[in-house]
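Trainee: Can you keep this structure in mind? I'll have questions shortly.
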Amino acid sequence: MARKPNFKQIETRYRKDRQRNVLAEPGPHEFVIVLDQLKASYNVPKIIRSAQAFGAAEVHLVNIGVFDPAPAKGALRKVPVRFSETFPESYADLTARGYSCYLLVADGEENLADVELPKKSAFIFGHEEFGPSFDLSDFPEIKTLKIPQYGEMDSLNVSNAASIVMFEYVRQWGNR
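Okay, so the sequence shown: first residue is 15 according to my numbering, each after it adds one.
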């Protein structure tokens with residue numbers, strides 16, 4: 015029976031994969047996933063894995079510490095990842111490159127399914143419990159989106175939500 019890795023083993027794996035990340039190539043699509051202060055555990059590597067599967071251009075990790083890259087199944091080596099200490103750093107980079115930014119929240123202005131997404135779209139996911147690290151009023155250009163839901167729960171797990179958003183982007187832009 016395999017033992018659960020300790021923090022030193024996880025940190026070693028993380029550092030190796032992060033070094034290998036410099037060789038990662040953007041996927042065929044121009045969307046970016048921004049993970050803003052998510053807990054650096056299970057969801058981050060799962061989202062990176064989905065980003066690789068859906069062909070993301072890159073993933074931004076904002077103020078996210080060491081995490082075990084094993085659940086990403088090698089995707090941390092394949093999807094370019096940009097590391098930022100603060101959201102404004104990531105936002106400045108994205109807007110300078112012409113990205114339209116969307117924050118996913120349970121009470122978003124528009125339903126994801128009703129929006130025609132620009133080719134250069136950046137999707138921001140905040141902490142599941144506390145939301146984004148920034149005050150949305152400081153970034154009036156960011157639009158908010160919600161994923162239509164019909165059950166009693168008012169939100170999805172962040173890795174599930176990210177995968178749905180990536181699927182919708184690829185559905186709209188897949189063969190163009």
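Virtual Cβ for every residue (Gly too), placed ideally from N, Cα, C.
Taking Ile-47 as part of the beta strand (DSSP E), name the residues at either end of that continuous run.
Mentor: What you label residue 47 is simply residue 33 of the sequence shown in a count that begins at 1. It spans 46-50 - the beta strand (DSSP E) in which Ile-47 sits, taken as one unbroken run.
Trainee: Kindly indicate the opening and closing residues of the beta strand (DSSP E) around Arg-96.
Mentor: Start at 1 with the first residue of the sequence shown, and residue 96 comes out as number 82. Where Arg-96 is concerned, the enclosing beta strand (DSSP E) stretches over 95-98.
Trainee: Starting from the Cα of Gln-23, find the closest Cα among Pro-132, Asp-82, Tyr-164, Glu-143 and give me that residue.
Mentor: The residue you call residue 23 lines up with position 9 of the sequence shown. Comparing Cα-Cα distances from Gln-23 to each of Pro-132, Asp-82, Tyr-164, Glu-143, the minimum goes to Asp-82.
Trainee: Between Ser-173 and Lys-60, which are expected to be in contact by the criterion C-beta below 8 angstroms, what is the C-beta distance as a whole number of angstroms?
Mentor: Translated into positions along the sequence shown, residue 173 becomes position 159. Translated into positions along the sequence shown, residue 60 becomes position 46. By a beta-carbon distance limit of 8 angstroms, Ser-173 contacts Lys-60. Their separation comes to about 4 angstroms.
Trainee: Thinking just about the alpha-carbon of each residue, which of Gln-51, Lys-157, Phe-21, Ala-136 is nearest to the one in Arg-111?
Mentor: Taking the sequence shown and counting its residues from 1, the one referred to as residue 111 is at position 97. Among Gln-51, Lys-157, Phe-21, Ala-136, the Cα nearest to that of Arg-111 belongs to Ala-136.
Trainee: Using CA coordinates, which residue listed in Phe-68, Lys-30, Glu-103, Ala-127 is at the minimum distance from Val-80?
Mentor: For this step, residue 80 is matched to residue 66 along the sequence shown. Checking every option, the nearest Cα to that of Val-80 belongs to Lys-30.
Trainee: What three-state label does DSSP hand Ile-161 in the structure shown?
Mentor: Within the sequence shown, the letter at position 147 stands for residue 161. In the structure shown, Ile-161 sits in coil (DSSP, three-state: anything other than H, G, I, E or B).
Trainee: For Lys-165, which of Tyr-105, Ala-120, Ile-156, Ser-151 has the nearest alpha-carbon?
Mentor: Looking up residue 165 in the sequence shown gives position 151. According to the sequence as given, residue 165 is Gly; it is not Lys. Of the listed residues, the one whose Cα sits closest to Gly-165 is Ala-120.
Trainee: Exposed or buried, which one is Val-36 when buried takes at least 16 other CB atoms within 10 Å?
Mentor: Locating residue 36 in the sequence shown gives position 22, counting from the first residue. With fewer than 16 neighbouring CB atoms inside 10 Å of its own CB, Val-36 falls in the exposed class.
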